[in-house]
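The listed protein sequences derive, respectively, from chains E and C. Just so it is clear: in the first sequence, position 219 is 232 by the numbering used here, and no numbers are missing. Just so it is clear: in the second sequence, position 203 is 1083 by the numbering used here, and no numbers are missing. Backbone N, C-alpha and C fix where the C-beta goes; we use that ideal spot for every residue, glycine too. Report on one structure; see the data block that follows.
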Amino acid sequence: MTTLRRRLVPYGLLGPGLLWLVLFFVVPMVFMGWFSLSSGSLESGWSWTWAFSNYTDAISEYSTQFGRSFLYAGAATILCLLLGYPLAYAIAFKGGRWRNLMLFAVIAPFFTTYLIRTIAWKTILADDSPVVEVLKFLQLVPQDGRVLATSAAVIAGLTYNFLPFMVLPLYASLERLDLRLLEASKDLYASARLTFLKVTLPLTAPGIVAGVLLTFIPAVGDYVNATFLGGTNQSMIGNVIQAQYLVINDYATAAALSFSLMIIIMIAVVLYIRFAGSEALMGDEEEAK
Amino acid sequence: METSPARPDAERSGSPAAAGDGRGSVELQGVTKKFGTFTAVDDIDLEIGDGEFFTMLGPSGCGKTTTLRMIAGFEQPTQGEVLIDGQDVAGLPAYKRPTNTVFQNYALFPHMTLEENVAFGLKRKKVPKDEIKRRVADELERVGLSGEATRKPAQLSGGQQQRVALARALVNLPKVLLLDEPLGALDLKLRKGLQVELKKIQEEVGITFVYVTHDQEEALTMSDRIAIMNKGRIEQCAGPEEVYEKPATTFVAGFIGVSNLLPARVISGSEVAIEDGPTVSTPDAAGFTTGEELFAVVRPEKLEVSTPGQAPGDRPGIEGVVESSLFLGTATQLGVTVADGSKLTVLVPNASEEERQRLPGGGARVYLSWEPEHMHLVTESPGEDGTENFQPMQTQDQGDQTK
């Protein structure tokens, strides 16, 4: 009796969450899968026709947006890493008693909604804004140029919005780093630069992997930044899916695009993790090989 | 007493850049280290000879680790100079110093195999590949871990990790090897074994070892010389026998084993009067001025127990009451309270069951006597109270601090 009950406990704990996921993730996915292989229209209704052409048509028609999404998300992820690593490093090691306050500052933007923050960026980057005036004065932007509705604006917005997702896992892995290992490295004739490359970086690789995934995956599917900060030439795959669903009401194409995006991201992530999990990123000491 | 032992032959198989050319002496001149308003190390002078096994011993917070870190280059002294091999190393970062450290918790790189850990320093020094391979293999063999070369540190036991840490430092043939409580995390049995091994390795490679510990037994077992530190100062620096037999201060006497301290006063160049006790003639008194208040030290095993009135006549002694009796296996430990209220510890070797039966029990009056040559005079430590196992005697006048 008691052993039976004990054996049931894990299932009891899993139950509610599992049910939630089945209802709100698996069921819609099944519907979407059904739509993606159907043909028809909102008026005439949809029917299951094994319409694989939905996929081939969608991908060939929107390959530009697919490519752009990965390019923008990739650029934003790299920028987040370049900005986030020094930031997390400084908070973890130089923060002292300001550490918690600085961490709070990193997540403080979350207290405002994503939409409002992105719209605020639209104001900041508007053609007659002081920021753009300064950039023009510094000759970073041509006199007749604009910042809004450019790739740079979209990438900047993505970088801004996803930076905390990069900083937090990086901070977690840096904070756990045993500082005595850095001393040991210096004791064994490694300069500060070599200590960073041979000890700090490999030991914080899990944080980098987590940060990159948390930044890249949502950034690829994002459409808010491209909507507010980009022009027609900056639309990402998220914008296309959104338009297909809500404006054009072509559910079949929208579902096929969603599934394609999901599969491409999954392939990219698996490849990335296999690479990241390999010796190449985990601090291989056989550098000369 | 300042002589360091002759450096054993430093030749090692397969190591052309052997330490033979290195003179691993360390010198500290007036070194002070302050952290904010706290003085961790207070105006220390030290000379450590080439090839010496030198130990810094003291309770936690006495400044021994800070001193070690200043030699390693992890800390810069606030004042004073550190010389390694006669060279002033001021401002030289750790990675440019001819020293290597064995850290307290080993600090092995968890993402590298044992081989890679041991090879780390040699790679940074751009030693040719074949040589690295050979020296790493030799070093792992020395510490008995050849079979584990490709494992990660997490797969090893504490004792094995300790050996890797030693190998990782020694493979570089530093002029000076710094060891920060390297055996502190191990259990007693393993520690004893590794003490012997460490000493053997040190004699074999002939590298100067500067060893930090709070374990007085460890210090006595391995060291050529010991510096006993307290509150950022060195209280005494001498060989193990001298530190044990002739402690310089109450702190040293208390820290090196259990000591019995009897308040006393120098009454002439050859005599001291023990408070509430006899006047004893001792050559030690010549080193102090007449009238000076100090302490007489007698080690627990040097006290002899007898019944009052039946004492051997010519030996100095003091009467007391047995408070406790503790069987320790090889000896019995008696706690005796003497006339002025201070407690003395007596160790009686357990020769036989019969002999043990004859020992006085609790409440019995006893006479404790000792040979005058086993009594030693110490001054009170500048940093008054010492460690847990040292209880300062009740003295009316603590005013005159010596040194």
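Three-state secondary structure (DSSP) of residue i
i, result
"Gly902 of chain C", "Here the model assigns Gly902 of chain C a pLDDT of 47, short of 50, so the residue's position is not dependable, and the following value carries that caveat. Correct three-state label for Gly902 of chain C: coil."
"Asp925 of chain C", "strand"
"Leu1174 of chain C", "strand"
"Phe117 of chain E", "helix"
"Gly1266 of chain C", "Any reading at Gly1266 of chain C must be qualified, since the residue scores a pLDDT of 39, below 50, and its modelled position is unreliable; no value is offered."
"Gly30 of chain E", "helix"
"Arg206 of chain E", "helix"
"Leu994 of chain C", "helix"
"Asp1095 of chain C", "coil"
"Ala1153 of chain C", "strand"
"Ala141 of chain E", "The question names Ala, but residue 141 of chain E in the sequence shown is Asp. Of the three classes helix, strand and coil, the one that applies to Asp141 of chain E here is coil, per DSSP."
"Ser895 of chain C", "Note that Ser895 of chain C scores 34 on pLDDT, short of 50, meaning its location in the model is unreliable; the coordinates nonetheless yield the value given after this. Of the three classes helix, strand and coil, the one that applies to Ser895 of chain C here is coil, per DSSP."
"Glu932 of chain C", "coil"
"Ile1108 of chain C", "strand"
"Arg18 of chain E", "helix"
"Tyr127 of chain E", "helix"
"Gln1042 of chain C", "helix"
"Phe288 of chain E", "helix"
"Glu196 of chain E", "helix"
"Glu1251 of chain C", "coil"
"Gln1116 of chain C", "strand"
"Trp61 of chain E", "strand"
Test: residue i CB closer than 8 Å to a CB of chain B
i, result
"Tyr98 of chain E", "The chain inventory of the structure shown lacks chain B, comprising the protein chains E and C."
Cut-off 6 Å between Cβ atoms - residues of its own chain near residue i, not counting five sequence neighbours on either side
i, result
"Ile1147 of chain C", "Ala1153"
"Ile72 of chain E", "Ser273"
"Leu1063 of chain C", "Arg1071 and Leu1074"
"Gly1157 of chain C", "Ile1198"
"Ser1186 of chain C", "Tyr1247"
"Gly902 of chain C", "With a pLDDT of 47 at Gly902 of chain C, under the threshold of 50, the modelled position of that residue is not reliable, and the figure given next carries that caveat. Hits under 6 Å: Lys1055."
"Leu227 of chain E", "Phe178"
"Gly1189 of chain C", "none"
"Ala88 of chain E", "Ile168"
"Glu1084 of chain C", "none"
"Gln959 of chain C", "Thr912"
Contact set for residue i: own chain, Cβ-Cβ below 8 Å, skip 5 residues either direction
i, result
"Leu26 of chain E", "none"
"Met275 of chain E", "none"
"Asn1052 of chain C", "Asn980, Gly1001, Leu1002 and Lys1005"
"Arg130 of chain E", "Pro122, Tyr173 and Asn174"
"Thr16 of chain E", "none"
"Tyr68 of chain E", "Ser49, Ala269, Phe272 and Ser273"
Top-ranked residue by Cα proximity to residue i, from the options
i, options, result
"Leu183 of chain E", "E:Thr163, E:Tyr264, E:Thr213 and E:Gly234", "E:Thr213"
"Leu963 of chain C", "C:Ala987, C:Val1007 and C:Gln909", "C:Gln909"
"Pro215 of chain E", "E:Ser186, E:Thr131 and E:Gly80", "E:Ser186"
"Asp140 of chain E", "E:Thr163, E:Asp191 and E:Val233", "E:Thr163"
"Glu1021 of chain C", "C:Val1056, C:Pro1008, C:Met950 and C:Ala1047", "C:Ala1047"
"Phe848 of chain C", "C:Gly941, C:Gly966, C:Val906 and C:Gly929", "Look at the range of chain C in this structure, 881 to 1283, and you will see that residue 848 of chain C is not part of it."
"Val225 of chain E", "E:Ala289, E:Lys149, E:Tyr202 and E:Leu100", "E:Ala289"
"Asp70 of chain E", "E:Val282, E:Ala267, E:Val180 and E:Ala281", "E:Ala267"
"Gly243 of chain E", "E:Met279, E:Ala165 and E:Tyr102", "E:Ala165"
"Thr1217 of chain C", "C:Arg1245, C:Leu1183, C:Gly1171 and C:Lys944", "C:Arg1245"
"Thr1130 of chain C", "C:Gln1040, C:Val1007 and C:Thr1259", "C:Thr1259"
"Gly1242 of chain C", "C:Arg1145, C:Gly1200 and C:Ala1176", "C:Gly1200"
"Arg112 of chain E", "E:Pro41, E:Leu181 and E:Ala265", "E:Leu181"
"Phe1135 of chain C", "C:Glu1151, C:Ser1150 and C:Gln1116", "C:Gln1116"
Residues of its chain near residue i, where Cβ-Cβ distance is below 7 Å and the 5 sequence neighbours each way are ignored
i, result
"Pro1196 of chain C", "Pro1158, Val1160, Ser1249, Trp1250 and Pro1252"
"Thr208 of chain E", "Leu195, Ser198 and Lys199"
"Phe254 of chain E", "Correcting the residue type first, residue 254 of chain E is Ile in the shown sequence and not Phe. Closer than 7 Å at the Cβ level, and outside the excluded window around Ile254 of chain E, lie Ala267, Leu270 and Ser271."
"Ala334 of chain E", "Residue coverage of chain E in this structure runs from 14 to 302, which leaves residue 334 of chain E outside it and unanswerable."
Going along the chain, which residues of the stretch 67-92 of chain E sit with their C-beta nearer than 9 Å to a C-beta in chain C?
-> Answer set for the stretch 67-92 of chain E: empty.
Could you run through the stretch 207-237 of chain E and flag, in chain order, every residue whose CB is less than 7 Å away from some CB of chain C?
-> For chain C, the residues of the stretch 207-237 of chain E that bring a beta carbon within less than 7 Å of one of its beta carbons are Leu207, Val212, Pro215 and Leu216, in chain order.
Of the residues that make up the stretch 970-986 of chain C, which ones have a beta carbon closer than 9 Å to any beta carbon in chain E?
-> Answer in chain order: Pro973, Ala974, Tyr975, Lys976, Arg977, Thr979, Asn980, Thr981, Phe983, Gln984, Asn985 and Tyr986.
Report yes or no: do three or more beta-carbon pairs, one from the stretch 1102-1115 of chain C and one from the stretch 1243-1260 of chain C, lie closer than 8 Å?
-> Touching, no, given that fewer than three Cβ pairs across the two stretches are closer than 8 Å.
Touching by the beta-carbon criterion (3+ pairs, under 8 Å), the stretch 936-947 of chain C and the stretch 1084-1099 of chain C = Enough Cβ pairs lie closer than 8 Å, so yes.
What are the residues of the stretch 946-964 of chain C that lie near chain E, defined by any Cβ-Cβ distance shorter than 7 Å?
-> Cβ contacts with chain E: Ala952 and Phe954.
Does the count of Cβ pairs from the stretch 249-258 of chain E and the stretch 1015-1034 of chain C closer than 8 Å reach three?
-> Judged by Cβ distances under 8 Å, the stretch 249-258 of chain E makes no contact with the stretch 1015-1034 of chain C, as fewer than three pairs qualify.
Name the residues in the stretch 182-198 of chain E whose C-beta lies less than 8 Å from a C-beta of chain C; which are they?
-> Listed by position along the chain: Asp191, Arg193, Leu194, Glu196, Ala197 and Ser198.
Count the CB pairs spanning the stretch 225-241 of chain E and the stretch 168-176 of chain E that are closer than 8 Å, and state whether there are at least three.
-> Short answer: they touch.
Pairing CB atoms from the stretch 47-62 of chain E with CB atoms from the stretch 125-141 of chain E, are three or more of them under 8 Å?
-> Not touching, per the Cβ criterion.
Proximal residues, the stretch 1003-1016 of chain C versus chain E, C-beta separation under 8 Å = Residues passing the 8 Å Cβ filter: Lys1003, Arg1004, Lys1005 and Lys1009.
Can you give me, in chain order, the residues of the stretch 22-39 of chain E that have a beta carbon less than 7 Å from any beta carbon in chain C?
-> For the stretch 22-39 of chain E, which is checked against every Cβ of chain C, not one residue is closer than 7 Å.
Contacting positions in the stretch 1203-1231 of chain C - beta carbon closer than 8 Å to chain E = In summary, no residue of the stretch 1203-1231 of chain C has a CB separated from any CB of chain E by less than 8 Å.
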